Amino acid sequence: METWLKRIRPNANGWSQNGFILIMMLILMFTILLPLGELLIKAVSNKEGDFIGFANFAKYFSTPTLVTSLWNSIKVSLITTLVAVPLAFWFAYALERSGIRGKWFFRSVALLPLFAPSMLHGLALIYLFGNQGLISTGFFGLLPEFRIQLYGQFGIVLSEILYTFPQAFLILSVAFASSDYRLYEAAETLGASKWRTFWTVTVPGTKFALISTVVVCFVLTFTDFGAPKVVGGQYNVLATDLFKQVIGQQNMQMGAAVGVLLLIPAVISFAIDRISQRKQSGWLSAKSLPYRIEANKTRDVLLFILCSVVSAVILSIILVAIYGSIVKVWPYNLQLSFSHYEGFFDGAGPFVNSLLISVGAAVIGSVVTFMFAYLIEKSNGHALLRNSAYLLSMLPLALPGLVLGLVYVFFFNNPNQPLHGLYGTIWIMIICNIVHYYSVSFLTVTSALKKLDSEFEAASETMNVPWYRTLVRVTLPMSLPCILEIFMYYFINSMVTVSAVIFLYAPDLKPAAVAIVNMEDSGDIAQAAAMSLLIILANLIMRSVVMLLSGKMRRRTEALLVKKDS
């Protein structure tokens, strides 16, 4: 036993780091693993808590309307993916591989939907295509025969395309930016045509990014609650079924069964994405050449038109929402007024609640994520502990927000649980947001830490310097730009999310995104649009501040490195 203990870690630094990793694993178990287990127990139990096996699932699949919701979710997700991925592909291709003008403008517009709650797209579509919409009424009666049925599959698909497009664009943009021009030179030397080079070099070079993009678009659409809630009408999907079972019918067991069904595609998609990334081979090396854009007027004109149309659609959604929020009564009284914005900053209203939740999630989440990533990536902790902690850190990637919120209800609302006191407080929503967006932040920090030379930790261990001193004096200052980025990521997503907190808020702690859903339910579309625009404004301000600070820190770090080399 003594020999085994020495083999694990004989020095004081290792022992202390092992202890912190164990604490980290306990935190992850109480916030991810155990709540997820509670969901599975509920799904195979009756209201009295007795084990009934797959009876809830059998009842679900024997109910035609519920089965229809499952097929509706699959259908909407497939259509959205088939439209959003090609659009994002060519949009990213235009910005990275063509010579069009105004790339900074197109890129900024493409990312705008990231700062808005998914309900905003549905609200704007109501202003355009709703019963009293600008276009559905034939441009205020000029073309009365031009009408579109918004509510249902059409409206959900339109909203989801707007919601998933920027996510797909970001992934593909990175893939296009990372390329080796020598492959294109070789293809040209061999006499390959432009189209043949595109299919044999460009597409294979983005193959794994395309797989990730398809997975992301499908899962985001399949698990989204905001768009189906706003423009779904009577067209039910799994996400709205889950909400109705839990909130409308108080049928927790059937809600748990629907939650498991909602979880399965996300887990399968996550597994496919992980497997494809493992098979991915590096296209770049030290001898790689950056891609050189060749002149091609026809290509640039066509891609400029595409980018202009896509940007016009995104901007029109935002502008229509702005206009709808500042008119008195749409479409009967179009006088401009800011009355719909009144009261949003009074006391502890929904918008202020969201700011508090988002700041709390950003501050605590950034600290916790950085510490956990450091312990796994840079510590001398035992390999088994570190690998187990890494596996737990990946679990939230496969958890849809709606399912995560539901499992927190089951777990934290149980009086027998030691953390029951958190239920109904602002802390439960902060924890839920941290866990929901933890994996992406964790991977971001891990990637940044991999770039730091391990000689810092080795030198500290040789000189018997405590690991936490090296962390504070060396690793932390060099990682500040990355920490600011995950701070911004936590803040923005905590502001816009609705699915993760729709089951968790107390009446006096309602977040802004949930308030938007309630306003839309009661017919206050203008107020809902106003609240959505305030969220966008808060996120844009946060992004501007973080980017400014991050830029200064990067320049300071580069200056120190240059000074050290000289």
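Note that the working numbering gives residue 890 to position 440 of the sequence shown, counting from 1, and the numbers run on in steps of one. Backbone N, C-alpha and C define an ideal beta-carbon position, used for all residues, glycine too. This one's a predicted model, so the numbers in the text were calculated from it and none came from an experiment.
Since residue i is in the beta strand (DSSP E), which residue starts that stretch and which ends it?
{"i": "Asn-783", "result": "783-786"}
According to DSSP, which residues form a beta bridge with residue i?
{"i": "Val-777", "result": "Leu-786"}
{"i": "Phe-501", "result": "Ser-495"}
Alpha carbon to alpha carbon, how far is residue i from residue j?
{"i": "Ile-966", "j": "Ser-568", "result": "10 angstroms"}
{"i": "Lys-456", "j": "Val-857", "result": "With a pLDDT of only 40 at Lys-456, under 50, the local geometry of the prediction cannot be trusted, and no value is derived from it."}
{"i": "Leu-845", "j": "Phe-892", "result": "11 angstroms"}
{"i": "Val-895", "j": "Ser-1000", "result": "15 angstroms"}
{"i": "Ile-991", "j": "Leu-984", "result": "11 angstroms"}
{"i": "Ser-438", "j": "Ser-816", "result": "An answer regarding residue 438 cannot be provided, because it is not within the stretch 451 to 1016 covered by the chain."}
{"i": "Val-664", "j": "Ile-585", "result": "31 angstroms"}
{"i": "Lys-657", "j": "Ile-621", "result": "12 angstroms"}
{"i": "Ser-889", "j": "Ala-618", "result": "18 angstroms"}
{"i": "Ile-697", "j": "Tyr-940", "result": "27 angstroms"}
{"i": "Ala-963", "j": "Ser-495", "result": "32 angstroms"}
{"i": "Gln-582", "j": "Gly-602", "result": "16 angstroms"}
{"i": "Val-666", "j": "Thr-614", "result": "8 angstroms"}
{"i": "Val-751", "j": "Arg-551", "result": "10 angstroms"}
{"i": "Ala-979", "j": "Thr-513", "result": "36 angstroms"}
{"i": "Met-479", "j": "Leu-842", "result": "8 angstroms"}
{"i": "Val-922", "j": "Tyr-543", "result": "41 angstroms"}
{"i": "Ile-942", "j": "Ser-808", "result": "7 angstroms"}
{"i": "Gln-700", "j": "Phe-953", "result": "12 angstroms"}
{"i": "Pro-931", "j": "Ile-661", "result": "29 angstroms"}
{"i": "Lys-791", "j": "Val-779", "result": "Contrary to the premise, residue 791 reads as Tyr rather than Lys in this sequence. One C-alpha to the other measures close to 14 angstroms."}
{"i": "Val-948", "j": "Gly-676", "result": "7 angstroms"}
{"i": "Thr-515", "j": "Trp-521", "result": "10 angstroms"}
{"i": "Lys-644", "j": "Thr-650", "result": "10 angstroms"}
{"i": "Val-559", "j": "Leu-765", "result": "7 angstroms"}
From which residue to which residue does the alpha helix (DSSP H) around residue i run?
{"i": "Ile-491", "result": "484-493"}
{"i": "Gln-603", "result": "603-627"}
{"i": "Phe-579", "result": "568-579"}
{"i": "His-886", "result": "876-886"}
{"i": "Val-802", "result": "800-827"}
{"i": "Ala-544", "result": "514-547"}
{"i": "Leu-849", "result": "Counting along the chain, Leu-849 falls outside any alpha helix (DSSP H), and DSSP gives it neither H nor E."}
{"i": "Asp-971", "result": "962-971"}
{"i": "Leu-845", "result": "Careful: Leu-845 lies outside any alpha helix (DSSP H) and carries neither H nor E."}
{"i": "Asp-974", "result": "Unbroken run through Asp-974: none, as it is neither H nor E."}
{"i": "Val-946", "result": "930-946"}
{"i": "Phe-693", "result": "688-693"}
{"i": "Ala-956", "result": "No alpha helix (DSSP H) contains Ala-956, which DSSP labels as neither H nor E."}
{"i": "Lys-901", "result": "No alpha helix (DSSP H) holds Lys-901; DSSP gives it neither H nor E."}
Which residues in the same chain have their Cβ closer than 6 angstroms to the Cβ of residue i, if we skip the five residues on either side of it in sequence?
{"i": "Ile-611", "result": "Thr-530, Val-533, Ala-534"}
{"i": "Phe-672", "result": "Ser-523, Ser-527, Pro-715"}
{"i": "Ile-471", "result": "Leu-825, Gly-831, Leu-835, Ala-839"}
Could you name the residues of the same chain whose beta carbon sits closer than 8 angstroms to that of residue i, not counting the 5 residues immediately before and after it, in chain order?
{"i": "Ala-736", "result": "In this prediction, Ala-736 has a pLDDT of 45, which is less than 50 and means its spatial position is unreliable; nothing more can be read from the coordinates."}
{"i": "Ser-838", "result": "Met-475"}
{"i": "His-870", "result": "Phe-862, Asn-863, Asn-864"}
{"i": "Gly-709", "result": "Leu-489, Ala-493, Leu-692, Leu-852, Val-853, Leu-856, Val-857"}
{"i": "Met-1003", "result": "Leu-930, Pro-931, Leu-934"}
Within its chain, find whatever has a CB closer than 7 angstroms to the CB of residue i; leave out the 5 residues flanking it on each side and keep chain order.
{"i": "Leu-575", "result": "Leu-600, Gly-605, Leu-608, Ser-609, Val-681"}
{"i": "Thr-481", "result": "Ile-881, Val-885"}
{"i": "Ala-950", "result": "Gly-851, Leu-854, Gly-855, Cys-882, Asn-883, His-886"}
{"i": "Ala-823", "result": "Phe-892, Val-895, Thr-896, Leu-899"}
Between the options, which lies nearest to residue i when the distance is taken from Cα to Cα?
{"i": "Ala-956", "options": "Phe-565, Pro-800, Ala-833, Tyr-824", "result": "Pro-800"}
{"i": "Gly-851", "options": "Phe-822, Val-924, Leu-712, Met-928", "result": "Leu-712"}
{"i": "Ile-975", "options": "Met-997, Val-809, Tyr-773", "result": "Tyr-773"}
{"i": "Gln-785", "options": "Glu-792, Ser-775, Gly-793", "result": "Ser-775"}
{"i": "Phe-541", "options": "Tyr-782, Pro-616, Leu-516, Ser-804", "result": "Pro-616"}
{"i": "Ile-884", "options": "Leu-902, Gly-855, Gly-874", "result": "Gly-855"}
{"i": "Ile-718", "options": "Ile-933, Met-997, Ala-848", "result": "Ala-848"}
{"i": "Ser-897", "options": "Val-924, Pro-927, Ile-933", "result": "Ile-933"}
{"i": "Pro-563", "options": "Val-948, Ile-767, Asp-971", "result": "Ile-767"}
{"i": "Ala-505", "options": "Ala-706, Phe-556, Asn-686", "result": "Ala-706"}
{"i": "Glu-970", "options": "Gly-683, Leu-998, Leu-484, Gln-700", "result": "Gly-683"}
{"i": "Ser-804", "options": "Ala-762, Asn-989, Leu-484, Ala-544", "result": "Asn-989"}
{"i": "Trp-554", "options": "Phe-648, Asn-746, Ser-761", "result": "Ser-761"}
{"i": "Phe-935", "options": "Leu-954, Thr-748, Thr-920, Val-995", "result": "Before going on, a small fix: residue 935 reads as Glu here, not Phe. Considering only alpha carbons, the answer is Val-995."}
{"i": "Leu-545", "options": "Phe-501, Val-517, Leu-486, Phe-626", "result": "Phe-626"}
{"i": "Met-702", "options": "Thr-947, Lys-497, Asp-958, Asn-968", "result": "Lys-497"}
{"i": "Tyr-782", "options": "Ile-764, Tyr-577, Val-859, Leu-670", "result": "Tyr-577"}
{"i": "Trp-877", "options": "Leu-806, Ile-764, Val-818", "result": "Leu-806"}
{"i": "Tyr-510", "options": "His-571, Lys-525, Leu-688", "result": "Leu-688"}
{"i": "Phe-421", "options": "Val-669, Pro-536, Lys-960", "result": "Any question about residue 421 goes unanswered here, given that the chain covers just 451 to 1016."}
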